[in-house]
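K.L.:
My numbering applies: residue 144 is where the sequence shown begins, and numbers increase by one.
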Amino acid sequence: MKKDDEQKLRLSLSVRGYDSKPSGNEVGQILFRKSELTAVELFESIRHGHASCYLFSAPEQFGLRDKRKENYIGTQTLFYDFDKVEESVNDFVGHLKFRPSFSYSTYSDGTDGRHSFRLVYCFEGIIYGMENFEAAYRKIADLNGFSGLLDARAANQLYYGTTSTADTDFTGYIYSPADFGLTLHDTPHGTDTGVSDVVYDFRSKSIGYFLSSHAELALIHQQVQESALNDTGKGYLTYPEHYYKVAREWSSRWMDGELVRKKKRVPKGERKLNLFVRGMVFKTNKPDITYPELLYCLTYEVYHFFHNEDGKIDKKVIEETAKGVLRSDSTVQESSKGKFRVDKEYWTKHGITVPEARGMIKKILNKEEFYNHYNSSMSVADNIAKFQDEGYRISKSTVYRYLKEDNLLKGQSVSQSKDNNNNINTYNDTEDPIAAKVLEAIRNNATATIPEIARTSGVSEKTVKRRISQLKADGRLIREGGKAHGKWVVLD
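1) Please list the terminal residues of the continuous alpha helix (DSSP H) segment that includes Y514.
2) Once DSSP output is grouped into helix, strand and coil, what is the label at R622?
3) Does K164 come out as helix, strand or coil in the three-state DSSP assignment?
4) In chain order, which continuous runs of the alpha helix (DSSP H) of length 4 or greater are located wholly inside the region 362–443?
5) If we count the other Cβ atoms within 10 Å of its Cβ and call it buried at 16 or more, is K626 buried or exposed?
6) Measuring only the C-alpha atoms, how far is I189 from T305?
7) Determine the direct distance from the alpha carbon of Y382 to that of A390, and round the result to whole angstroms.
8) Just to confirm before moving on: does the CB-CB distance between R208 and L372 stay below 9 Å?
9) Would you call A589 buried or exposed, if buried means 16 or more other Cβ atoms sit within 10 Å of its Cβ?
10) Between L551, L301, A201, D532, which lies nearest to S520 when the distance is taken from Cα to Cα?
11) Pull up the CB-CB distance for N299 and Y215, whole angstroms please, since I reckon it's below 8 Å.
12) Which residue marks the beginning of the beta strand (DSSP E) containing I270, and which one marks its end?
13) Rounded to the nearest angstrom, what separates K348 and S155 at their Cα positions?
14) So, helix, strand or coil for V475, using DSSP?
15) Please classify W397 as buried or exposed, where buried requires at least 16 other C-beta atoms within 10 Å of its C-beta.
16) With N428 and S370 assumed to form a contact (beta carbons below 8 Å), what rounded beta-carbon distance in angstroms separates them?
17) Between which two residues does the alpha helix (DSSP H) harbouring Q613 extend?
18) Given a cut-off of 9 Å on the beta-carbon distance, is the pair G288 and K240 in contact?
19) In this structure, how does DSSP classify A358 when only helix, strand and coil are distinguished?
20) Please classify H634: does DSSP put it in a helix, a strand, or coil?
21) Output the distance between the C-alpha atoms of A597 and A616, rounded to the nearest integer angstrom.
22) What number of angstroms, rounded off, separates the C-alpha of E621 from the C-alpha of A500?
23) Quick check: what's the CA-CA separation for Q150 versus I270?
24) Comparing alpha-carbon positions, which option in V542, D147, K547 lies nearest V183?
25) Just to confirm my understanding: we take S178, look at its own chain, exclude 5 residues before and 5 after, and list those with CB closer than 6 Å. What are they?
26) Going by beta carbon distance, what residues of the same chain come within less than 8 Å of F448, once the five residues before and after it are set aside?
27) Is it buried or exposed, H238, if we count other Cβ atoms within 10 angstroms and call 16 or more buried?
28) Which of helix, strand or coil does DSSP assign to K146?
29) How far does the beta strand (DSSP E) with T541 in it extend, from its first residue to its last?
30) Could you give the DSSP three-state label for A589: helix, strand or coil?
31) Quick check: S259 and G268, are their CB atoms within less than 9 Å of each other?
32) Please report the residue range of the alpha helix (DSSP H) in which F449 lies.
33) Given E274, which residues of its chain have a CB within under 7 Å of its CB, disregarding the five upstream and five downstream residues?
34) Let me know the secondary structure DSSP gives S157 once reduced to three states.
Put into C-alpha cells, the structure is as follows:
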C-alpha cells in the first residue's frame with residue numbers, strides 16, 4: 144500500500160455527469176469514454192455525478208451494449224456497493240482492516256433511514272481476467288468481513304456517481320495484490336504494470352494508436368528482425384555462425400531516373416504461417432522476449448508487411464500466434480548470409496560510396512583469406528598446388544598480384560614467374576594488355592555496354608565478358624546501380 148498522487152488509473156467514465164440517479168431512459172443513453180485519471184481526479188469526477196465501469200474491449204467511446212462480460216478486459220479499481228446499511232459510510236470504513244482508497248454515499252443514501260454507499264479500492268496495475276477479478280473482489284471482502292453485505296459484484300456492473308454534498312472519505316491509498324495476500328493467475332495479458340500498459344492498449348486501442356503509443360518497443364522490433372552482426376571496427380560487419388533474419392521481398396523500378404524499392408506485402412493464403420515463422424525468428428534472436436514485446440513485433444509486421452484488407456489477421460489471431468510462439472520448442476531454418484556487410488555510416492564519413500567500399504572490403508577479405516592458406520616457407524608453385532589440394536580456389540594471376548603488391552616475390556621477377564607458370568596474368572599494361580584495354584575503355588565510359596567495350600578495346604565480346612568476370616572476382620571492378628541503368632566503377 145502506498146500513497147501516490149501521480150498514479151494513473153485506467154477505467155471507463157461516463158461522458159456526462161448526473162445531478163441525480165439517471166432515469167431509465169437516461170441509463171440507456173449513457174456513453175462511456177476510456178479514461179486515465181489519478182485517484183483524486185476520479186474521486187472528483189464521481190462527486191460531479193460521473194458514472195463508471197471497468198475496462199472492456201470496445202471503441203474509445205461506447206455504450207451499454209459493449210459493456211458485456213464477454214468484452215471484459217480487466218480493472219484497476221474495485222467498487223463495493225452497499226445498500227440499506229445501518230451504519231453511515233464514515234462509520235463503516237472506520238473499523239475496516241483495509242480502508243478503501245475513497246468512499247462515497249450514493250444518490251439513494253438515507254432512504255428509509257438507512258445508508259447506501261460505495262467503497263473504491265485502487266490498484267497500481269490492472270487486474271486482468273474474470274478469474275482474477277473474482278478472486279480479488281472476494282479476498283478484500285473476506286479480509287474486511289463484509290462479504291454478506293455486498294449488493295453486487297459483476298464485472299460488467301455500472302456504478303453511478305454521486306453529488307458534491309455526499310458523505311465521503313478519501314485516503315488516496317494505492318494497493319497491490321500482494322497487500323491482500325493475492326496470487327493472481329498468469330494470463331496472456333500479464334499482471335505487472337509494465338505489461339499491463341502494453342497489452343491493455345493492444346486490446347482496447349486501434350492498431351495505429353497502439354504502435355505509436357509504444358514506440359519504445361520499435362527498437363526491440365528492429366533488433367529481433369535479424370541476428371546481431373559483429374562489428375569489426377574496420378568499416379564492415381561480419382555474420383555470426385548461426386544467422387536468422389525475417390525474409391522480406393522487395394520490388395524495384397526506375398522512376399524519374401532513380402531506382403525505387405518497394406516492399407511486397409505477404410499475400411492471402413500465406414499469412415498465418417508466415418506470421419508464426421516471423422515470431423519464431425524474433426524469439427530465436429531474443430530468447431528472453433516477453434509476451435508484450437512479441438505482441439508489439441507481430442502487430443508491427445501485420446500492419447506494415449501483410450495484406451490485411453479483409454481484417455482476417457485480427458487481434459485474436461495475433462495473440463494466438465504470440466502464445467503459440469512462446470509455447471513452441473521448434474526451430475527455424477537459418478538464413479543465407481554473405482561474408483560481410485558494409486558499414487554505410489563509416490564509409491560515408493570518408494566520402495566513399497557503398498559500392499566502392501564493398502569492392503575495397505572484398506579485396507581486403509580475399510587477401511586475408513589468401514594469407515590464411517599461404518605458406519611463406521614454400522615456393523609459389525608449391526603453394527598453388529597446395530591450394531588445389533585444399534579446395535581453395537584462386538587464380539594464379541591473383542596469387543602473383545597479391546605477392547607483388549606486398550613485395551613477397553623474394554627476388555623472383557614477374558617475367559620469371561610468368562615463364563615458370565603458364566597462363567599467369569596480372570592486370571596491368573605489361574602483364575595482361577587485354578585486361579588493361581578493357582579497364583581503359585571502362586574508365587573512359589563508365590556506362591559502356593559490353594559491345595561498346597569490345598569495339599573500343601578491339602577484342603571480342605566473349606573476351607570482354609571473361610575479363611570482366613575476372614576483374615569483378617578479384618575486386619578490381621564493380622557494377623553500381625544494376626544492369627539496365629547502372630555504371631562501372633574501377634577500383635584501382
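We put the CB at the ideal spot given by N, CA and C, even for glycine.
P.N.:
On the basis of the coordinates in this document:
1) Residues 497–516.
2) Correct three-state label for R622: strand.
3) Of the three classes helix, strand and coil, the one that applies to K164 here is coil, per DSSP.
4) The qualifying runs are 414–428.
5) K626 is exposed by the Cβ-count criterion.
6) Cα to Cα, I189 sits roughly 6 Å from T305.
7) If you take the alpha carbons of A390 and Y382, they lie about 16 Å apart.
8) Contact: no.
9) Its Cβ having fewer than 16 others within 10 Å, A589 is exposed.
10) S520 has its Cα closest to that of L551, out of L551, L301, A201, D532.
11) Contact holds; Cβ gap of about 6 Å.
12) Following the DSSP letters along the chain, one finds I270 inside the beta strand (DSSP E) bounded by residues 258–271.
13) Each residue's CA atom was taken as its position, placing K348 and S155 some 13 Å apart.
14) DSSP places V475 in coil when its eight states are reduced to three.
15) Counting Cβ neighbours within 10 Å, W397 comes out exposed, since fewer than 16 surround it.
16) Their Cβ separation, rounded to whole angstroms, is 5 Å, which keeps N428 and S370 in contact under 8 Å.
17) Taken as a continuous stretch (DSSP letters only), the alpha helix (DSSP H) holding Q613 covers 604–616.
18) With respect to K240, G288 sits close: the two C-beta atoms are nearer than 9 Å.
19) DSSP places A358 within a helical segment (H, G or I) once states are collapsed to three.
20) For the record, residue 634 in the displayed sequence is Leu; it is not His. DSSP, read as helix, strand or coil, puts L634 in coil.
21) Just so you know, the alpha carbons of A597 and A616 end up roughly 20 Å apart.
22) Sequence check: residue 621 is Ile here, not Glu. Between I621 and A500, the C-alpha separation is close to 10 Å.
23) If you draw a straight line from the Cα of Q150 to the Cα of I270, it is about 15 Å long.
24) Selected option, being the one with the closest Cα: D147.
25) Closer than 6 Å at Cβ, skipping near neighbours: L156.
26) Annotation for F448: R391, K406, R408, V409 place their beta carbon closer than 8 Å to its own, counting only its chain and skipping 5 residues before and after.
27) With fewer than 16 other Cβ atoms from the protein chains shown falling within 10 Å of its own Cβ, H238 counts as exposed.
28) Per DSSP, reduced to three states, the secondary structure at K146 is strand.
29) For T541, there is no enclosing beta strand (DSSP E); the residue is part of the alpha helix (DSSP H) that begins and ends at 539–548.
30) Residue state, collapsed to three classes: coil.
31) Their beta carbons are not under 9 Å apart, which means S259 does not touch G268 by this criterion.
32) Segment: none, F449 is in no alpha helix (DSSP H) and carries neither H nor E.
33) Cβ contact annotation for E274 (same chain, cutoff 7 Å, sequence separation greater than five): H328, in chain order.
34) In the structure shown, S157 sits in a strand (DSSP, three-state: E or B).
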